[in-house]
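S.K.:
Number of protein chains: 2
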Amino acid sequence: MAEPIEFYFDFSSPYGYLAAQRIDEIGERHGREVAWKPFLLGAVFKTTRSEPLLGIPMKGDYARIDLPRVARLMGVPFALPSPFPFMSVAACRAFYWLSDRDPAKAKALAKAIIDASFGEGRDMSGAAAVLETAGSLGVDPGQLGAALQDPAVKDRLRAEVDEGIEKGVCGSPFVLVDGEPFWGHDRLDHVEKWLETGGW
Amino acid sequence: MAEPIEFYFDFSSPYGYLAAQRIDEIGERHGREVAWKPFLLGAVFKTTRSEPLLGIPMKGDYARIDLPRVARLMGVPFALPSPFPFMSVAACRAFYWLSDRDPAKAKALAKAIIDASFGEGRDMSGAAAVLETAGSLGVDPGQLGAALQDPAVKDRLRAEVDEGIEKGVCGSPFVLVDGEPFWGHDRLDHVEKWLETGGW
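Residue numbers (the working numbering), protein chains in the order written: chain A, 1 to 200; chain B, 1001 to 1200.
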């Protein structure tokens, strides 16, 4: 059995949202599992001397044109949440805690959070919003609420972020296919071609 | 007659080189002229707080994988010149001087310079390399050599760079179709779709 495709993204990444609409279908078409790996892009920015795209002069203006234009082409809704960018620590911790218990539900939670953020423009930065969304999926809010403050869960997220940086994950979204790196929603077509051909 | 498609690029931009292999064909397929507009990305970096991609930790390593991988997919040669990145002031000035005299030859010169840089890895940063390439296209090296030091030509380049910044050209390559902006070699498919459909 082939290793899962690794799908790294920041919950606060609008291009990550766009990729999240497509990545599982791409995996399915090629008989591959997709392991969702939310991480904190802010930690990467320290190494790459970068900052959130939409706050950058000129580039931010461009992204405000490009993002909804790509979404229209894909036929998916798009809205920027407020605040934006936002801290996604609670969402990440909830994901990894749940993924050790029910991986399918963890992925459903991640999808629900990122869709609420960029499909509906909702503020998903706080623990309350994450707990509510998890609750609607049948997750016990008391247990999850405690987990968000559990040092072991905090360490788990830190380790996942460190592992992403080790693997060269320099932006969001970022996909690894058997170790081959693909950065950006724009690269999903290459991901698909790589899966079809085994590389070129 | 529709306005030309504007194709902004820095001669020192490897993704600009990749786009230069495709942009004229895209224009031709849709009956549109393509106006090549070399500019100096360094001037934009001051506004966007950016720096050359290949020197950035993690992102540079990724680009060293992605660039030759895209080139292989396109079936075009790829090599990084040394020094890299390089100052492309001489190439830009030569282009604009020549474009006022013989636009087709100016485009041929630009194509020859960027192909020498990233197709063959040659150092095209100096005036001598630019003059030699221009000479091989039948341009008088004495006249062009004088033009490279002409204050009016220097001003012309400065004005072109300023105009690009005015138009929001935040990276290289950058294409404008009737004012609609598309940043990145990755966006040429959207450029093509925009030309086909008139927008979405």
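Glycine included, each C-beta is placed from N, C-alpha and C at the ideal position.
Determine whether the Cβ of Cys1092/B lies closer than 7 Å to any Cβ atom of chain A.
M.R.: No, Cys1092/B does not count as interfacial toward chain A.
S.K.: Between Lys1111/B and the ligand COA, is the CB less than 6 Å from at least one heavy atom?
M.R.: Summarising the ligand content, the structure contains no ligands, and the ligand COA is consequently not present.
S.K.: Can you list, in chain order, the residues of its chain whose CB lies under 7 Å from that of Ala91/A, leaving out five sequence neighbours each side?
M.R.: Cβ within range, chain order: Phe11, Pro38, Ile113, Met124 and Val130.
S.K.: Looking at the C-beta of Lys1059/B, does it have a partner C-beta in chain A at a distance below 7 Å?
M.R.: Taking Cβ atoms only, chain A reaches closer than 7 Å to Lys1059/B, which makes this a yes.
S.K.: Are the beta-carbon atoms of Ile5/A and Val34/A separated by less than 7 Å?
M.R.: Yes, the Cβ-Cβ distance between Ile5/A and Val34/A is below 7 Å.
S.K.: For Gly60/A, which option in Ile1026/B, Glu1025/B and Thr1047/B has the closest C-alpha, if you only look at C-alpha atoms?
M.R.: The candidate whose alpha carbon is nearest that of Gly60/A is Thr1047/B.
S.K.: Does the structure place the region 172-187 of chain A close enough to the region 1057-1072 of chain B that three or more beta carbon pairs sit under 8 Å?
M.R.: Touching, yes, given that three or more Cβ pairs across the two stretches are closer than 8 Å.
S.K.: Given that a residue counts as buried once 16 or more other Cβ atoms are within 10 Å of its Cβ, and exposed if not, what is Glu160/A?
M.R.: Glu160/A comes out buried.
S.K.: Show which residues of chain B have a CB atom less than 9 Å away from the CB atom of Leu73/A.
M.R.: Per Cβ cutoff of 9 Å: His1190, Lys1193 and Trp1200.
S.K.: Which residues share a DSSP beta bridge with Pro52/A?
M.R.: DSSP, once it has assigned bridges, lists no residue as partnering Pro52/A.
S.K.: For Pro181/A, list the residues DSSP reports as bridge partners.
M.R.: DSSP, once it has assigned bridges, lists Leu176/A as partnering Pro181/A.
S.K.: Looking at chain A, which residues of the region 1092-1125 of chain B have a Cβ within less than 7 Å of any of its Cβ atoms?
M.R.: Going along the region 1092-1125 of chain B in chain order, one finds no residue with a Cβ nearer than 7 Å to chain A.
S.K.: Just to confirm, is the Cβ distance from Ser1117/B to Pro1077/B under 7 Å?
M.R.: Against a cut-off of 7 Å, the Cβ pair of Pro1077/B and Ser1117/B comes out as no contact.
S.K.: When you compare the region 1012-1027 of chain B with the region 1137-1153 of chain B, are there three or more beta-carbon pairs, one atom per stretch, that lie closer than 8 Å?
M.R.: Flag = no, the region 1012-1027 of chain B and the region 1137-1153 of chain B do not touch.
S.K.: Can you find a C-beta in chain A that's less than 7 Å from the C-beta of Trp1183/B?
M.R.: Cβ-Cβ to chain A under 7 Å: yes for Trp1183/B.
S.K.: Assign Trp1036/B to one of three DSSP states: helix, strand, or coil.
M.R.: Strand.
S.K.: For the region 1036-1050 of chain B, enumerate the residues whose C-beta is nearer than 9 Å to any C-beta of chain A, in chain order.
M.R.: The region 1036-1050 of chain B vs chain A, Cβ under 9 Å: Val1044, Thr1047, Thr1048, Arg1049 and Ser1050.
S.K.: Only counting runs of 4 or more residues, tell me where the alpha helix (DSSP H) segments fall wholly within the region 34-115 of chain A, in order along the chain.
M.R.: 41-48, 59-74 and 89-99, all fully within the region 34-115 of chain A.
S.K.: Would you list the one or two residues that DSSP bridges to Tyr1008/B?
M.R.: DSSP output for Tyr1008/B lists Lys1037/B and Phe1174/B as bridge partner(s).
S.K.: Under the three-state reduction of DSSP, which class applies to Val1169/B: helix, strand or coil?
M.R.: Reduced to three states, the DSSP call for Val1169/B is coil.
S.K.: From Arg1049/B to Ile56/A, what distance separates their C-alpha atoms?
M.R.: Going from the Cα of Arg1049/B to the Cα of Ile56/A covers about 8 Å.
S.K.: Compute the Euclidean distance between the alpha carbons of Arg69/A and Tyr15/A, then round it to the nearest angstrom.
M.R.: So the alpha carbons of these two residues sit roughly 12 Å apart.
S.K.: My guess is that Ser200/A and Leu144/A are in contact by the Cβ rule of under 8 Å, so how many angstroms apart are they, rounded?
M.R.: Per the sequence shown, the amino acid found at residue 200/A is Trp instead of Ser. Actually they do not touch by this definition, with Cβ atoms about 44 Å apart.
S.K.: In angstroms, rounded to a whole number, what distance separates the CA positions of Pro173/A and Leu40/A?
M.R.: Distance between the alpha carbons of Pro173/A and Leu40/A is about 11 Å.
S.K.: From Pro85/A to Pro52/A, what distance separates their C-alpha atoms?
M.R.: Roughly 7 Å separates the two Cα atoms.
S.K.: In chain A, which residues lie less than 8 Å from Tyr1015/B when you measure between Cβ atoms?
M.R.: Under the 8 Å cutoff, chain A gives no residues; its nearest Cβ is about 11 Å from Tyr1015/B.
S.K.: Determine, using beta carbons only, whether Gly168/A comes closer than 7 Å to chain B.
M.R.: Chain B contact via Cβ: present.
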